[in-house]
Structure formats: structure tokens, C-alpha cells
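Asks: For this note's numbering, add 66 to where a residue sits in the sequence shown, where the first one is 1.
Here a beta-carbon is modelled for each residue, glycine too, at the ideal position from N, C-alpha and C.
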Amino acid sequence: MMRRAFRPAARPSWAHFASAVGFGALGALGQAPWSLWPVALLGFAGLIWLYKNVTSAPKAAWVGWAGGVGYFAVALFWLVEPFLVDIARHGWMAPFALFFMAGGLALLWATAFGVARRIGGVIALIVLWTAMEMLRSVLFTGFPWATIGHIWSDHPIIQLAALGGTPVLTFLTLAISAGPSARKIHVGLIIAVVLLLASWGYGAQQLATNAAQKTGKIVRLIQPNAAQHLKWDPEHVGEFLQRAVDLTAAPADTKPDLIVWPETSVPYPLNEAPTVLEAISRAAGGQPIIVGGNDRVEDGWRNTLTLLGPDGGRVQTYHKYHLVPFGEYIPFGETLSQFGIRGMASRDGGGFSKGSGPKLIELPGIGAALPLICYELIFPRSFRGLARPNLLLQITNDAWFGNISGPYQHLAQARIRAVEQGLPLIRAANTGISAVIDPWGRITAHTKLNEASYLDANLPAPTQPTWYSRLHDWPVQALLTLLLIWRIAARRRVSIDHAAPQE
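1) Assign S347 to one of three DSSP states: helix, strand, or coil.
2) If I'm right that A278 touches T510 with Cβ under 8 Å, what's the distance once you round it to whole angstroms?
3) Can you tell me which of the three DSSP states G415 falls into?
4) Can you tell me whether DSSP reads P424 as helix, strand or coil?
5) Beta carbon of I461, beta carbon of A484: below 7 Å?
6) Give every residue of the same chain whose Cβ lies closer than 7 Å to the Cβ of G472, excluding the five residues on either side of it in the sequence, and list them in chain order.
7) The beta strand (DSSP E) spanning R286 covers which residue range?
8) Does the beta-carbon of E329 have 16 or more other beta-carbons within 10 angstroms, so that it is buried, or is it exposed?
9) Pick out whichever of R558, L545 and I551 has its Cα sitting closest to the Cα of P233.
10) Rounded to whole angstroms, what's the CA-CA distance from G215 to A435? Just pull it up for me.
11) Using the rule of at least 16 other Cβ atoms within 10 Å of the residue's Cβ for burial, across every protein chain shown, is T314 buried or exposed?
12) Would you give the residue range spanned by the beta strand (DSSP E) that M382 belongs to?
13) Could you check the C-alpha separation between Q353 and S85 for me, to the nearest Å?
14) So, using beta-carbon positions, are L373 and V381 closer together than 7 Å?
15) For G90 versus G130, is the C-beta distance shorter than 7 Å?
16) Whole angstroms are fine: how far does the CA of P317 sit from the CA of G282?
17) Can you say whether L477 is buried or exposed, counting buried as having 16 or more other CB atoms within 10 angstroms of its CB?
18) For the structure I just gave you, are there three or more beta carbon pairs, one from the stretch 285-301 and one from the stretch 513-531, closer than 8 Å?
19) Using only alpha-carbon positions, find the residue among Y474, S519, A480 and A527 that is nearest to A227.
20) How many angstroms separate the CA atom of G488 from the CA atom of P455?
21) What does the alpha-carbon distance come out to for the pair V259 and K280?
22) As a quick exercise: from H512, R508 and I554, pick the residue whose alpha carbon is nearest that of Q272.
23) Measuring CB to CB, does I185 end up less than 7 Å from A241?
24) Which value, in whole angstroms, describes the spacing of the CA atoms of P335 and G231?
25) Do H385 and R368 have their beta-carbon atoms positioned less than 7 Å apart in this structure?
26) Which partner residues of H512 appear in the DSSP bridge assignment?
27) Closest to P430 by CA distance: which of I325, G187 and P78 is it?
28) List the endpoints of the continuous beta strand (DSSP E) containing V357.
29) Considering only the beta carbon of each residue, do G366 and S419 sit closer than 7 Å?
30) Quick one: residues in its chain with C-beta nearer than 7 Å to the C-beta of P437, no 5 flanking neighbours on either side, listed in chain order?
31) Between G245 and L235, how many whole angstroms is the CB-CB distance? I'm expecting something under 8 Å.
32) What beta strand (DSSP E) runs, 3 residues minimum, are completely inside the stretch 182-219?
33) For the beta strand (DSSP E) holding I444, just list the boundary residues, first then last.
34) Do A527 and H512 count as a contact pair if the criterion is CB distance below 7 Å?
35) Taking C-alpha atoms, which residue in P333, T275, P531 and D323 lies nearest to E301?
36) Since V87 is in the alpha helix (DSSP H), which residue starts that stretch and which ends it?
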């Protein structure tokens, strides 16, 4: 069907096409840092209205694709930032990366719109659109960044993530947006308003009745603010390392129980720098300290988080296992490196090698933590198959993401992960935003972007396990399946009735 859909003759009018791009762009304004949820709902409502007013599945697929291009081009505009760190080497890739990412992800929306048009009805579109947003979290290793449901990350409706994760937020968003396209518009608008108010009321009630409980443990987050284009410059490496050491040793009213440095904050191979690690532990006054760096291993490099003991010894180590495609590795990297094509954060041809998988680390006096390095936080499946920890711990180098939207969207996803799991989350980011987040997604303390600083904050306590942490995506998947079966059955009944001979 997709081949037929993208024939020139199948395209809708240019007015419909341009409108779809514009409505998709409006939908993206619900994402951080803008968080304009009314504008986003208007954008999605516009796309649903266009879908209802096209006459064929191929035209609907075009509307979906155009809407997706507008949405992802705005929501993921920060993707050009990593290519501008080394303009001479990577700058030429920036427009291609954004276009192909936006156009490629938009194919999933095109599929949803085209297939839904064949089945018929707005419900089919809501179901398939939600399913495609879920699919992109796993397809080709997954990229669930700027999922539709993320527009609620800064609003009380985020609390629904504890029940059904991001998929239930996406489904709700599209259901509300479909109100103006109902057959009886006044009924559709009433249902949309009821859904919005009920969801908002539930979230507000959760926030009002659940004050953050403090553990009494103080964590210090180190933000050295090493600009990405200078981070590995030999003339600046020592400066950034010393800055992090000084921030670690800064006096405090209450001695921190844990100190956390961001991703790749130690500029030397961790397994070859015992004296550096000893100096870091000495600056920490013997307190447990987590640092990020790289390990040199037989099959290349590994992006590493390690817990240091009082003498600088490595007590526990975690290696990042969910690598960033075309960032930390490139398929056929050894061959492509001969032509100068490498992952932007990679070393030596194929880039980084992956770790063995998720694991918990034990923090003295605090308990078990699930370590996450940068990109791993955006995947809800990173949290499955392990015993429940006491907290989520992310180290990241958001200097790659620029200053406009990337760091804020990454922080927004951290808030959603905390709500989904009912766990506090601490994140140390190189250039910011470092933060402590409670189990209801509230930011209890944070740094500013692009500021060298440290943050001392009380660690919130976890809540009881949430429904989502126990059941994951199964309830939403079951709901979508049942709704789709119902719509297909209803369409078949209509077809049979029309085909029946009239007496």
C-alpha cells in the first residue's frame, strides 16, 4: 500500500499538504521547552480533521507523512547541534540528518493514517497512531524521543504515566484532539473536555496528596560545564577535570552521602588512570563518588559509569549497553572509517562496544540504584527484568544537544520515567540541566543550563511500585488490539449490510 500511496497521482492538494506540515509543527510545540499543550492539541486536531476530509488511503498516508515531517522537524531540530560541534568534519551532514530522521519517522505516521483510512473512522486512526508511536521505541533499536504523550511532562496529566506509561498519555492526547472531528461535533467536544478535565483533576489530586518524602541522604551533583568543542582539547582537558575536582571538594553545611559526576567527565581511560581516580576520591573526602568515563577494552571502548571507594578503587562498574546509532557507533564502521565517516562520539572506526545489559549497583548507605548513561533513559524497557531499585541514576553529556530544546526534552523524559516507576531520579549533566526529581516527576532541585556548579539536594524516597512498573505496556497493547478488532468487525458488518440483496 505504501508504494501506491506515494505515487504522485495519490498526493493530496498542495494546500492539504502544506496544512498538514503546519499542523504537525504546531503539535511539536507541546514538547519542552515550550510545553504549549493547547497549541499541540490544535495541531493534532488539525491533522485528524485533514484525515477525515481526504477520500482515499493513499491521500491519508500523504497527510500523515506531511504531518510527521512538520512535527519531527520542529521537535527534533536539536539533532543538527551535534553536527555543528566539529563543523569542518560533520557540518555537511546536519541538514541531511534532520531531513532523513524527520522523513523516516514520518513514515510511521503515514502508515497509521493510510491503514486507518482503509479501516475507516477516527478511532482506527487514534489506535494505529498510538501503536506507531509505541513501535518507534523499538524499531531499528528504537528512538522514542519527543513521543506525542511527552507534551504533558510539565503538567499534572503526567501522573497518568504511573498507570500506563507514555502510551496512555499519547492515546489520551489523540482522543482529546479527535473531539472536534466527531460526527456530532458538540458531543465530541464535550467528551474531549471531560477527558481533559478528568485527567488534569486526577493528576492535580495526586500531586496535592503526595508530598515528597525525604530520605535524609544528601547527594551532590557535579556540573563542570565542559563545552563539547573543547571537552577533549588537550589544552582544556586539565582545566575541566580540575574544575570538577574543585566542585567536588567545595565545603558544605552537610557532608554529601554520594557525589555524582556526569558522563565522560574523566578524560582518561578509567582502567588506566588509578592516580587520577585516587585524587578524585581524595577530593570527595572518602565519600562514595560516581564518575563517568571510558574503559579501554579488547574490542574497543566502553562508555562507563563507575563507583569509587575511599581509596580511589573501583568498587562497581556499569557499561552502557544501548548505544546511539551514528553517534557512538556506525554499522560497518571499520569500512566506513576509511572514507572519513565515523560516529561523532566514537573512537577508532566502529566506535564504542556495548556492555552486557542493565544491572543494579549498590550505593553505600543509600541502596540499590539503576544506572543509566545518557540516551538509555529514554527507553522504558531499560527498567524491566531487574529487582526494583531505590532510585534511578542518570549521568549524561547533554553538551551534544545544544541550548534550545534538546537538554530540556531530555529532562522532560527523566520526569516521565520517574513517574512511570514511582522512583526518585538524580541526573548529573555536564552542561546541565542536572536535577533531582521525586517519584511524581516534580523537580525538587536543579542547576541552570551552561553553568559550572554543584548541587546539594536531599534524595526523595521511592513510592510503592506503580501499575506501569508492574504491567508495562501490556494493558495499553490489549486495549489497542481490542479497539482495532472492534473497528475492523464493524467495517465488515457495514460491508455485508451494503452487499446484501434488497427485497
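Replies: Let's see:
1) Three-state DSSP puts S347 in a helix.
2) Taking C-beta atoms under 8 Å as the contact rule, A278 and T510 qualify, at a distance of about 6 Å.
3) Summary for G415: the model assigns pLDDT 45, below 50, so the residue's position carries little reliability; its value from the coordinates is reported in the next sentence. Under the three-state reduction of DSSP output, G415 falls in the coil class, being neither helix nor strand.
4) In the structure shown, P424 sits in coil (DSSP, three-state: anything other than H, G, I, E or B).
5) No, the Cβ-Cβ distance between I461 and A484 is not below 7 Å.
6) Within the same chain, G472 has close Cβ partners W144, E147 and D464.
7) For R286, the uninterrupted beta strand (DSSP E) run begins and ends at K280 to Q289, by DSSP.
8) Buried.
9) That would be L545, whose Cα lies nearest to the Cα of P233.
10) Spanning the two alpha carbons is a distance of roughly 26 Å.
11) It counts as buried.
12) For the sequence presented, residue 382 should be read as Gln rather than Met. That run of the beta strand (DSSP E) goes R380 to H385.
13) Rounded to the nearest whole angstrom, the CA to CA distance from Q353 to S85 is 57 Å.
14) The answer is yes: Cβ separation under 7 Å.
15) No, the Cβ-Cβ distance between G90 and G130 is not below 7 Å.
16) Going from the Cα of G282 to the Cα of P317 covers about 18 Å.
17) Flag for L477 reads buried.
18) Touching, yes, given that three or more Cβ pairs across the two stretches are closer than 8 Å.
19) Among Y474, S519, A480 and A527, the Cα nearest to that of A227 is on A480.
20) Taking the Cα positions, G488 is about 10 Å away from P455.
21) Distance between the alpha carbons of V259 and K280 is about 36 Å.
22) The shortest Cα separation from Q272 among H512, R508 and I554 belongs to R508.
23) Going by C-beta atoms, I185 is not nearer than 7 Å to A241.
24) Straight across, the Cα-Cα distance linking P335 with G231 is about 37 Å.
25) R368 is a Cβ neighbour of H385, given a cutoff of 7 Å.
26) Secondary-structure assignment with DSSP links H512 through a beta bridge to A501.
27) Of I325, G187 and P78, the residue nearest in Cα terms is I325.
28) Per DSSP, the unbroken beta strand (DSSP E) holding V357 starts and ends at I355 to V363.
29) Between G366 and S419, the C-beta gap is smaller than 7 Å, which places the two residues in contact.
30) Once the five neighbours on either side are set aside, the close Cβ partners of P437 are L371, Y384, I427 and L459.
31) With 8 Å as the limit, G245 and L235 do not qualify as a contact, their Cβ atoms being about 17 Å apart.
32) You should have found no qualifying run.
33) Unbroken run through I444: none, as it is neither H nor E.
34) Contact check for H512 against A527 fails: the beta carbons are separated by 7 Å or more.
35) The option with the nearest alpha carbon to E301 is P333.
36) Annotation for V87: the continuous alpha helix (DSSP H) segment containing it runs W80 to A94.
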